[in-house]
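Engineer: In my numbering, the protein residues as written are 6 to 322. A virtual CB, placed ideally from N, CA and C, is assigned to each residue, including glycine.
1) From residue 156 to residue 229, what distance separates their C-alpha atoms?
2) Need the endpoints of the alpha helix (DSSP H) that residue 246 sits in, please.
3) Cα-Cα, which of 36, 50 and 306 is closest to residue 91?
4) Measure the beta-carbon distance from residue 289 to residue 130 and round it to whole angstroms, keeping in mind my assumption that it falls under 8 Å.
5) What residue from 55, 72 and 73 has the CA that sits closest to residue 84's CA?
6) Alpha carbon to alpha carbon, how far is residue 162 from residue 95? Give it in angstroms, no decimals.
7) Tell me which residues share the same chain as residue 101 and place their Cβ nearer than 6 Å to its Cβ, disregarding the 5 neighbours each side in the sequence.
8) Using the Cβ count rule (16 or more neighbours within 10 Å means buried), how would you classify residue 281?
9) Applying the 10 Å Cβ sphere with the 16-neighbour rule, what's the burial state of residue 38?
10) To the nearest angstrom, how far is the alpha carbon of residue 41 from that of residue 214?
11) Return the Cβ separation of residue 275 and residue 248 in integer angstroms, given the expectation that the two are a contact with Cβ distance under 8 Å.
12) Quick check on DSSP: helix, strand or coil for residue 60?
13) Using DSSP bridges, identify the partner residues of residue 65.
14) Return the Cβ separation of residue 321 and residue 79 in integer angstroms, given the expectation that the two are a contact with Cβ distance under 8 Å.
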């Protein structure tokens, strides 16, 4: 299996904290139309609405210290109001592991959330609070070496753990060459953070080396999914994506219109699955993927997202 190439032309490693942020939507940015009053009127009139929102870069601005990140003022309050309105189901779906997502949002992980609760989904859909994190995790990772309908065999947890250990060790070796890089461990993935790398070139080279090593670890029994996110290269042994999670949830909520907002490559798995611009509405936030996103609408920043959520809540009251 060849190493997964970085997305082009928007390689996340090309962004560097010392440079001017190119991700802000400006007057010359090409891409989806800005979410407008007509869209909000439509969403306000839908009888049943599934509102799914990414966290980092969508509800919150980025920071060199991920544990210190918080949603922009008023954003979570708007989501909480929407969750309490009739016909609205709200979830925050993030690449962060579930316990960390709970910590940065201040929201609890609920095994059986009620209709007025905000549901948390972590690890790109591999951990959830809809039916308990263990249920989603077992489905995503596989809990035993058993035969499947097509005759293949699911690997044991120990097999996946062995691969994760190899990936983590190699990521640590790479991170040790640059004081600005560090490795994050999640239940089913390893991530190399490069936001504070010495240079964009150093980040790119490190990511490429790790992606190439991941390719050597990936097998039919334990495939390794490589995701080039914003300032992070993530290697996962879980098959879950944000898109597969939302698709699965839609089977339980077939009458709901989906309103999804996200900013990164991983959010594209949801956006690509929606029927846009109607009945679903997908929004790309920030503009980094403006010319490649599957979204048909856009917003410039988490503050614009906050304002949009507040306006939608007011319209649905």
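Structural biologist: In terms of the structure at hand:
1) A caution first: residue 156 carries a pLDDT of 42, below 50, which makes its placement in the model unreliable, though a value can still be read off. So the two alpha carbons sit approximately 20 Å from each other.
2) First-last for residue 246: undefined, no H or E at that position.
3) Restricting attention to 36, 50 and 306, the CA atom closest to the CA of residue 91 is found in 50.
4) That pair is no contact at about 19 Å.
5) 55
6) The alpha-carbon atoms of residue 95 and residue 162 are separated by roughly 32 Å.
7) 127
8) Per the 10 Å Cβ criterion, buried.
9) exposed
10) 43 Å
11) 5 Å
12) coil
13) Checking the DSSP bridge columns, you'll see residue 65 partnered with 61 and 76.
14) Actually they do not touch by this definition, with Cβ atoms about 17 Å apart.
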